[in-house]
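Here is the structure we will look at, set down as structure tokens.
Protein chains: 2
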Amino acid sequence: MEEPATGGVRRARAAIGRAVRSTLPGRVESRPEPRREDRAVPEASVARLAVYLRVLSQLAEQGVVTVSSEELATAAGVNSANLRKDLSHLGSYGTRGVGYDVAVLVERIEGVLGLTRRLAVALIGVGNLGHALAGYGGFTTRGFHIAALLDADPARVGEQIAGLVVRSVDELPDVIRELDIAIGVIATPAHAAQEVCDLLVDCGVTSILNFAPAVLAVPDGVDVRKVDLAIELQILSFHEQRKLRPVGGALEEVG
Amino acid sequence: MEEPATGGVRRARAAIGRAVRSTLPGRVESRPEPRREDRAVPEASVARLAVYLRVLSQLAEQGVVTVSSEELATAAGVNSANLRKDLSHLGSYGTRGVGYDVAVLVERIEGVLGLTRRLAVALIGVGNLGHALAGYGGFTTRGFHIAALLDADPARVGEQIAGLVVRSVDELPDVIRELDIAIGVIATPAHAAQEVCDLLVDCGVTSILNFAPAVLAVPDGVDVRKVDLAIELQILSFHEQRKLRPVGGALEEVG
DNA sequence: TCGATTTTGTGAACGCATTCACAAGTGGTT
DNA sequence: AACCACTTGTGAATGCGTTCACAAAATCGA
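Going down the list, the sequences are from chains A and B.
Going by this note's numbering, the first residue of the first sequence is number 536, and it counts up by one from there.
Going by this note's numbering, the first residue of the second sequence is number 536, and it counts up by one from there.
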């Protein structure tokens with residue numbers, strides 16, 4: 536690790552040999568390449584686009600045809616300037632003095648997020664949480680379908696959940712090929728997560744959603760997003776503590 | 536990249552109004568005296584502290600006494616400078632030339648996150664997902680315990696899950712008082728989320744974890760964190776799409 | 001005691017994200 | 001046509017977070 540600091544973004548290569556892509560404020564590899572038609576939608580915007588899409592879908596159902604940035608921003612819980620900037624990344628689809636056409640915007644955002652085709656998802660780990668995820672409607676509603684359930688426990692293999700038969704994790708390579716799996720969801724215990732992750736990566740899966748409380752090491756080019764329930768609670772706990780005990784000195788309380 | 540997810544704690548904002556004063560102690564241009572337990576831990580750091588804590592706990596179990604920032608950073612999937620800066624927010628607990636004492640650091644982080652006492656959590660909505668969360672070990676393991684389960688469906692009230700009897704959501708005010716609930720977890724359908732949220736807030740709960748795919752409006756001073764599975768998948772989908780179609784690829788010479 | 005080696009803690013640089021503020025369009029009205 | 005009320009799109013300003021780079025401890029060996 537002693538390259539000169541000259542370069543642009545130099546990915547901090549983990550000393551261990553695998554670069555770790557945390558799930559935090561993401562960034563997608565950006566080379567010191569000259570910029571071109573910068574279709575690069577910032578990571579932070581992408582997350583919000585998904586929220587806008589959800590709100591817009593509801594509006595569309597209600598028959599709303601047009602919406603202003605102010606209205607949409609309020610409904611999505613963000614600043615309107617922020618929203619306009621987000622949308623500007625995908626081109627100009629609004630009309631000054633009027634607002635945005637709901638249907639057009641829905642279509643545009645779906646296009647950017649790649650929701651026009653339905654990606655196949657494999658869920659590994661059908662324990663408590665995995666079981667719930669398999670039956671969770673939220674997944675299938677938009678752009679995805681759970682195509683396979685797998686588990687390492689022989690006692691669970693064969694069980695039928697949400698219309699799918701649980702297969703052995705040993706079959707993962709076959710499953711991925713047969714069903715053209717694009718996304719792997721890991722809902723195993725923490726100790727098994729890395730192993731499953733490696734297996735997914737070896738089989739060519741480059742998008743992983745991790746529910747196991749473990750840090751996953753993956754090679755460059757693989758995106759990992761993590762959802763850790765305990766950590767969410769701990770963050771709330773931190774703020775809860777601050778509320779109780781007014782910082783430092785004075786009464787300067789939180790907003 | 537993540538996420539955190541998802542982002543960070545979005546400070547509550549008035550449903551309509553704007554001007555969410557970010558509550559942050561602003562920049563205390565105070566003298567260079569990091570004295571006392573400076574509460575100004577940045578939001579982004581808090582999320583990582585929770586990760587460090589998890590890793591450190593594992594190290595402690597393995598009997599590891601000391602760890603360097605480089606080792607810990609690698610295990611947590613972050614840059615070592617970033618980690619040192621995070622830790623510096625809670626004072627200097629490392630020893631130059633040596634590293635950090637694992638036990639001391641664990642204790643220190645637990646203190647900052649307020650994990651010394653066990654906060655009581657109420658889970659509202661015992662459907663598919665809620666059911667799984669109730670039985671999920673990850674919650675109870677560290678710093679929390681699910682003290683109550685509630686649901687609006689009379690058919691579910693009375694049912695016993697994970698050693699708890701499901702109570703009616705109508706009893707929420709009583710439950711919160713009786714059990715001293717500090718955190719509310721919403722796992723209801725989207726259409727019921729805001730109503731439940733309002734109820735929680737009215738009863739004095741200021742920390743909410745929302746699993747429902749809905750934007751919650753809450754008054755200032757209330758912290759809401761959201762976990763939206765569909766959005767996580769959509770973000771992955773976005774990147775998946777970019778991989779297929781090399782952004783602004785050589786094809787697009789549009790200029 | 002001194003120097004070699006290691007590793008922390010942090011000022012400064014950098015880059016990304018959010019917000020501000022306003023010019024430039026748009027539709028409606030007179 | 002001229003004006004007005006409204007709303008987008010965006011340069012500039014601001015703020016936050018990450019990374020760099022190095023001086024300041026601390027330990028060890030001779």
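The beta-carbon is built from N, C-alpha and C at its ideal position, and this holds for glycine as well.
Predicted model, so just to flag it, every value in this text is computed and none were measured.
Coarse secondary structure for residue i, derived from DSSP in three states
{"i": "Arg712(B)", "result": "helix"}
{"i": "Arg691(B)", "result": "coil"}
{"i": "Leu559(B)", "result": "Note that Leu559(B) scores 28 on pLDDT, short of 50, meaning its location in the model is unreliable; the coordinates nonetheless yield the value given after this. In this structure, Leu559(B) counts as coil in the three-state DSSP scheme."}
{"i": "Glu788(B)", "result": "A caution first: Glu788(B) carries a pLDDT of 34, below 50, which makes its placement in the model unreliable, though a value can still be read off. In the structure shown, Glu788(B) sits in coil (DSSP, three-state: anything other than H, G, I, E or B)."}
{"i": "Leu707(B)", "result": "helix"}
{"i": "Arg583(A)", "result": "helix"}
{"i": "Val736(A)", "result": "helix"}
{"i": "Pro569(A)", "result": "Per-residue confidence for Pro569(A) stands at a pLDDT of 34, beneath the threshold of 50, marking its modelled position as unreliable; the derived number appears in the next sentence. Looking at Pro569(A) - three-state DSSP - the assignment turns out to be coil, as it is neither helix nor strand."}
{"i": "Val515(B)", "result": "Because chain B in this structure spans residues 536 to 790, residue 515(B) falls outside the shown range and cannot be described."}
{"i": "Gly670(B)", "result": "helix"}
{"i": "Val731(A)", "result": "helix"}
{"i": "Gly756(A)", "result": "coil"}
{"i": "Leu771(A)", "result": "helix"}
{"i": "Thr651(B)", "result": "coil"}
{"i": "Leu664(A)", "result": "helix"}
{"i": "Arg524(B)", "result": "Shown here, chain B extends from 536 to 790; a query on residue 524(B) therefore has no answer."}
{"i": "Val751(A)", "result": "One detail in the question is off: residue 751(A) reads as Leu in this sequence, not Val. Three-state result, Leu751(A): coil."}
{"i": "Glu564(A)", "result": "Confidence in Glu564(A) is poor, its pLDDT being 32 and thus under 50, which makes the residue's placement unreliable; the coordinate value appears in the next sentence. Looking at Glu564(A) - three-state DSSP - the assignment turns out to be coil, as it is neither helix nor strand."}
Residues that residue i contacts on chain A, provided the C-beta gap is smaller than 9 Å
{"i": "Asp758(B)", "result": "Ile770, Leu771, His774, Glu775 and Lys778"}
{"i": "Leu648(B)", "result": "Gln769, Ile770, Ser772, Phe773 and Gln776"}
{"i": "Gly678(B)", "result": "Ala765, Leu768, Gln769 and Ser772"}
Those residues which DSSP pairs with residue i across a bridge
{"i": "Ala683(B)", "result": "Ala657(B)"}
{"i": "Asn745(A)", "result": "Ile721(A) and Lys761(A)"}
{"i": "Ile644(B)", "result": "In the DSSP output, where bridge partners are listed per residue, Ile644(B) has none listed."}
{"i": "Ile696(A)", "result": "Leu699(A)"}
Neighbouring residues, chain B, relative to residue i (Cβ below 9 Å)
{"i": "Val692(A)", "result": "Going along chain B, no residue has its Cβ under 9 Å from Val692(A), so there is no contact; the nearest lies around 20 Å."}
{"i": "Leu734(A)", "result": "Neighbours of Leu734(A) on chain B: none; closest Cβ ~18 Å, over 9 Å."}
{"i": "Leu654(A)", "result": "Leu768, Leu771, Ser772 and Glu775"}
Beta-carbon proximity list for residue i, same chain, < 7 Å, skipping 5 on both sides
{"i": "Glu730(B)", "result": "none"}
{"i": "Val736(B)", "result": "Val753, Pro754 and Val757"}
{"i": "Thr741(A)", "result": "Gly756, Val757 and Asp758"}
{"i": "Val602(B)", "result": "Leu594, Gly634, Tyr635 and Val637"}
{"i": "Glu775(A)", "result": "none"}
Residue i: contacting residues in chain B (beta-carbon distance under 7 Å)
{"i": "Glu767(A)", "result": "Leu744, Arg760 and Val762"}
{"i": "Pro748(A)", "result": "Arg589 and Gly673"}
{"i": "Ala585(A)", "result": "Ile766, Gln769 and Ile770"}
Chain B contact residues for residue i, given Cβ-Cβ distances below 8 Å
{"i": "Tyr671(A)", "result": "Asn663, Leu664 and Leu764"}
{"i": "Ala610(A)", "result": "Val750"}
{"i": "Ile718(A)", "result": "Leu768, Leu771, Ser772 and Glu775"}
Chain-ordered neighbours of residue i on chain A, where CB pairs are closer than 7 Å
{"i": "Arg643(B)", "result": "Simply none; closest approach about 13 Å."}
{"i": "Arg619(B)", "result": "The premise fails here: Arg619(B) is roughly 14 Å from chain A at the closest Cβ pair, so nothing lies under 7 Å."}
{"i": "Thr601(B)", "result": "Chain A residues near Thr601(B): none, gap ~17 Å exceeds 7 Å."}
Beta-carbon contacts of residue i that lie in its chain and below 6 Å, excluding the five residues immediately before and after
{"i": "Tyr587(A)", "result": "Ala611"}
{"i": "Asp715(A)", "result": "Ala655"}
{"i": "Leu744(A)", "result": "Val720 and Arg760"}
{"i": "Ala728(A)", "result": "Ile721, Ala747 and Ala749"}
{"i": "Val647(A)", "result": "Leu625"}
Cβ-heavy atom distance, residue i to the ligand GTP, below 6 Å
{"i": "Ala611(A)", "result": "This structure simply doesn't include the ligand GTP, nor any ligand for that matter."}
Cut-off 8 Å between Cβ atoms - residues of its own chain near residue i, not counting five sequence neighbours on either side
{"i": "Val590(B)", "result": "Leu607, Ala610 and Ala611"}
{"i": "Val600(A)", "result": "Asp636, Val637 and Ala638"}
{"i": "Ile696(B)", "result": "Val661, His666, Ala669, Gly670 and Leu684"}
8 Å Cβ cut-off: residues of chain A touching residue i
{"i": "Val710(B)", "result": "Ordered by position in chain A, no residue passes the 8 Å Cβ test against Val710(B), which lies about 18 Å from the chain."}
task = Give, in chain order, every unbroken run of the beta strand (DSSP E) that is at least 3 residues long and sits entirely within the segment 590–636 of chain B.
result = 634–636
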